[in-house]
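**Q** Residue numbers (this note's numbering), protein chains in the order written: chain A, 23 to 474; chain B, 874 to 1112.
We put the beta carbon where it would ideally sit given N, CA and C, even for glycine.
No experiment lies behind these values; they were computed from the predicted model shown.
First the structure, then my questions, so here it is.
Next up, the structure:
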């Protein structure tokens, strides 16, 4: 507790920063802001379903739970990513504190406090963004009526969401510190390249397998509520399994590419991925999530098409329209997270490597080559992870829908659209990152000494 | 002396300070030159201008390459980059090697950037590492090497392409005195054996003492040059 007290006393001093610190702190604040805004929007947009009490309300609630599971897990991943980013920003100060004799626990507390403070700032900004978006959210119609005031969450709900974001930041920051060695001479990542054990793949495959089996025997679960809970659980677990397996897949592919690399950019790209498969996964994992959601989008559209064609009653037709609205919103939210996640990770990675980029430029490494290596490191595993993610989602829904529905042209078209949009988003974010290389090299004095 | 680098009236200003003030400087082929002076005297700026990393505000730098003389200020960014890649080698204080690459890959990369195939590049790189006392450590990542070993990798990288001039900015600044002396032996020994010119920016008098020539800067001007002093002595009182 003495460490916490000391950290609390030191935090205000370390909180003071120059313009460059503010710039780098801006990234995690932005990411936390987006996480909070999306979290509140998802919660606000879906609470209308819980205000209904008639028979069909359960169907809406079930679909809402599935949509929330599909969105919340990628949101948590993005939140954890933002937290790691926040913790990495203050490396130099932590090293200085170590030099002055601060204990390890004081350094941990300071990092946690700073990350939480950044998360809190982002969360407040995110709730303002949500407040600005809520009137528009209220215009969305379900069952023929606008959501209206239901889009507004109660104050305790907003505070709970903000607290959840801050707790996520604190826990991630503490966990993130396990991966770095803080010494008086600086902060460095642990010497061995980050592993991504094959057990990850095995565990993930087992989880998906269990999920498929459970989905195949849904009718045995009796009540509708239990069935929905099992479905949501299966989808959630599959998403977590994808997160677990992703770095291992990315690493496996990079090892193959390293052996085959003949050009400098291929060598650099493969080694960059192998250095930290998890970091690469964070950049491409969003598209894996979106591809996963894309299968449900396609299925939603296909079910809507089938029901529409059967000319059901007015209530069913409304449900069909609402399913379309729901999947569109889910997909939009998913894409927003991908854009935010890749953008934040790219910007952070360029800033982290700025001194090295300056050094490479001085050695005469062409800027185009630095950019090409960066593009290759991200884009190369993208197709593979998106494919595996789609296959996992398809396997899960197959027992429910059958092959005929899954292979409908509309489903395939929706999937192709999701793939294309996801790849485009990531490519644009990578392009934004590579353009930052130019900005770093235009002002090298910020990152490396030239004036002695 | 065959001049390989020749600077005339080099000036470079930063907001509120003058880093170089009309500096004339010539480096001969095969020379080992220490550039010394207090912090802010313009040492690194001079090194960076000579290497084509910084563009001076005024003056010129001429590099006498194997294919003829080149005026650095007339080259575009891409051409300067190519010149540095093909004809110059660099050793920085922190090594500035890529941490994700192995030792041999770091050295081979310099060759691959100039178009050498990967297998041949790694063979050439391994030979250099062997020659600099790092045999058996080729596949180690930088985190698994000591500070002195990392600097040896940087020295191998700087020379593997056959660079004619090596620029070293405080190459031993982060090392203890014993390791510093060893690294300097490797740098100066290998450069001399291959007839390369070495320019070393340093604060350390012991490093400067190991070089054949010492140039001292203060406030952006050269205030002492041991080569000129020797020439003056050799010429006698009336020289």
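Are the region 390-410 of chain A and the region 300-310 of chain A in contact at 8 Å, needing three or more beta carbon pairs?
**A** yes
**Q** Which ranges does the beta strand (DSSP E) cover as unbroken runs of at least 3 residues, wholly within the region 1019-1086 of chain B, from first to last along the chain?
**A** Note on the region 1019-1086 of chain B: whole beta strand (DSSP E) runs with a minimum of 3 residues are 1038-1042, 1070-1074, in chain order.
**Q** Is the separation between the beta-carbon of residue 903 of chain B and that of residue 1068 of chain B shorter than 8 Å?
**A** As a first step, residue 903 of chain B must be located in the second chain, where it is residue number 30. As a first step, residue 1068 of chain B must be located in the second chain, where it is residue number 195. Contact: yes.
**Q** Anyone know if the C-beta pair for residue 399 of chain A and residue 294 of chain A falls short of 8 Å?
**A** Residue numbering aside, residue 399 of chain A sits at position 377 when the first chain is read from its first letter. Residue numbering aside, residue 294 of chain A sits at position 272 when the first chain is read from its first letter. Yes. Within cutoff.
**Q** Excluding the 5 residues flanking residue 357 of chain A on each side, which residues of the same chain have their C-beta closer than 7 Å to its C-beta?
**A** The count along the first chain starts at 1 and reaches residue 357 of chain A at position 335. Within the same chain, residue 357 of chain A has close Cβ partners 312, 443, 447.
**Q** Along the chain, which unbroken stretches of the alpha helix (DSSP H) at least 4 residues long are found entirely within the region 286-331 of chain A?
**A** 286-297, 299-331
**Q** Please list, in chain order, the chain B residues whose beta carbon lies closer than 8 Å to that of residue 456 of chain A.
**A** Residue numbering aside, residue 456 of chain A sits at position 434 when the first chain is read from its first letter. None at all; the shortest Cβ gap to chain B is about 17 Å.
**Q** Are there 16 or more other CB atoms within 10 angstroms of the CB of residue 221 of chain A, so buried, or fewer, so exposed?
**A** The residue labelled residue 221 of chain A in the question sits at position 199 within the first chain. With fewer than 16 Cβ atoms within 10 Å of its Cβ, residue 221 of chain A is classed as exposed.
**Q** Could you name each continuous alpha helix (DSSP H) segment of 4 residues or more that falls completely within the region 901-980 of chain B, going from the start of the chain to the end?
**A** The region 901-980 of chain B is shown to contain whole alpha helix (DSSP H) runs of 4 or more residues at 916-923, 950-960, in chain order.
**Q** Which residues in chain E have a C-beta closer than 7 Å to the C-beta of residue 955 of chain B? List them in chain order.
**A** No chain E appears in this structure, whose protein chains are A and B.
**Q** I'd like to check one pair, residue 191 of chain A with residue 138 of chain A: are the Cβ atoms closer than 8 Å?
**A** Taking the first chain and counting its residues from 1, one reaches residue 138 of chain A at position 116. Taking the first chain and counting its residues from 1, one reaches residue 191 of chain A at position 169. The answer is yes: Cβ separation under 8 Å.
**Q** When we look at the beta-carbon of residue 281 of chain A and count the other beta-carbons within 10 Å, is it buried (16 or more) or exposed?
**A** Residue numbering aside, residue 281 of chain A sits at position 259 when the first chain is read from its first letter. The residue is exposed, with fewer than 16 neighbouring Cβ atoms inside 10 Å.
**Q** Please confirm whether residue 926 of chain B has its beta-carbon closer than 8 Å to some beta-carbon of chain A.
**A** Position 53 of the second chain, counted from the start, is the residue given in the question as residue 926 of chain B. Yes, residue 926 of chain B counts as interfacial toward chain A.
**Q** Check whether the Cβ of residue 898 of chain B lies closer than 8 Å to any Cβ atom in chain A.
**A** Indexing the second chain from 1 puts residue 898 of chain B at position 25. No, because no Cβ of chain A sits closer than 8 Å to the Cβ of residue 898 of chain B.
**Q** Quick check: residue 430 of chain A and residue 324 of chain A, are their CB atoms within less than 8 Å of each other?
**A** Indexing the first chain from 1 puts residue 430 of chain A at position 408. Indexing the first chain from 1 puts residue 324 of chain A at position 302. Against a cut-off of 8 Å, the Cβ pair of residue 324 of chain A and residue 430 of chain A comes out as a contact.
**Q** Is it the case that the Cβ atoms of residue 1043 of chain B and residue 966 of chain B are separated by a distance below 8 Å?
**A** Residue 1043 of chain B sits at position 170 when you count from the first residue of the second chain. Residue 966 of chain B sits at position 93 when you count from the first residue of the second chain. In this structure, residue 966 of chain B lies closer than 8 Å to residue 1043 of chain B by Cβ.
**Q** To which residues of the same chain is residue 345 of chain A closer than 6 Å at the C-beta, ignoring the five residues directly before and after it?
**A** Translated into the one-based positions of the first chain, residue 345 of chain A becomes position 323. Answer for residue 345 of chain A: 322, 326, listed in chain order.
**Q** Under three-state DSSP, which class holds residue 1003 of chain B?
**A** Locating residue 1003 of chain B in the second chain gives position 130, counting from the first residue. In this structure, residue 1003 of chain B counts as helix in the three-state DSSP scheme.
**Q** Please report the distance separating the alpha-carbon of residue 438 of chain A from that of residue 134 of chain A.
**A** For the purposes of this step, residue 438 of chain A is identified with residue 416 of the first chain, where counting begins at 1. For the purposes of this step, residue 134 of chain A is identified with residue 112 of the first chain, where counting begins at 1. So the alpha carbons of these two residues sit roughly 42 Å apart.
**Q** With 8 Å set as the bound, which would you pick, yes or no: does the beta-carbon of residue 297 of chain A sit closer than that to a beta-carbon of chain B?
**A** In the first chain, residue 297 of chain A corresponds to position 275, counting from 1. Residue 297 of chain A counts as touching chain B.
**Q** What are the residues of the region 279-296 of chain A that lie near chain B, defined by any Cβ-Cβ distance shorter than 8 Å?
**A** 283, 284, 285, 286, 289, 290, 293, 294, 296
**Q** Along chain A, which residues have their Cβ under 8 Å away from the Cβ of residue 880 of chain B?
**A** One-based indexing of the second chain puts residue 880 of chain B at position 7. By Cβ distance, chain A contributes nothing, its closest Cβ being about 17 Å from residue 880 of chain B, past 8 Å.
**Q** Along chain B, in chain order, which residues have C-beta atoms closer than 8 Å to that of residue 464 of chain A?
**A** Translated into the one-based positions of the first chain, residue 464 of chain A becomes position 442. Residue 464 of chain A does not reach chain B, its nearest Cβ partner there being about 11 Å away, counting only Cβ pairs nearer than 8 Å.
**Q** With distances taken from CA atoms, which of A:320, A:270, A:316 is nearest residue 296 of chain A?
**A** The count along the first chain starts at 1 and reaches residue 296 of chain A at position 274. Here the closest residue by C-alpha is A:270.
**Q** Determine the chain B residues that contact residue 381 of chain A at a beta-carbon separation under 7 Å, and present them in chain order.
**A** The sequence position of residue 381 of chain A within the first chain is 359, counting from 1. Residues of chain B passing the Cβ test: 965, 969.
**Q** Does residue 56 of chain A get closer than 8 Å to chain B when you measure Cβ to Cβ?
**A** Your numbering for residue 56 of chain A matches position 34 in the first chain. Taking CB atoms only, residue 56 of chain A has no neighbour in chain B less than 8 Å away.
**Q** Counting contacts by CB-CB distance shorter than 8 Å, is residue 986 of chain B in contact with chain A?
**A** For the purposes of this step, residue 986 of chain B is identified with residue 113 of the second chain, where counting begins at 1. Yes, because at least one Cβ of chain A sits closer than 8 Å to the Cβ of residue 986 of chain B.
**Q** For residue 437 of chain A, name the three-state secondary structure that DSSP assigns.
**A** Locating residue 437 of chain A in the first chain gives position 415, where the first residue counts as 1. In this structure, residue 437 of chain A counts as helix in the three-state DSSP scheme.
**Q** Quick check on residue 1048 of chain B - is its C-beta less than 8 Å from some C-beta in chain A?
**A** Start at 1 with the first residue of the second chain, and residue 1048 of chain B comes out as number 175. For residue 1048 of chain B, the answer is no, since every Cβ of chain A falls outside 8 Å of its Cβ.
**Q** Using only alpha-carbon positions, find the residue among B:1021, B:1073, B:1070 that is nearest to residue 1050 of chain B.
**A** In the second chain, the residue the question calls residue 1050 of chain B occupies position 177. That would be B:1021, whose Cα lies nearest to the Cα of residue 1050 of chain B.
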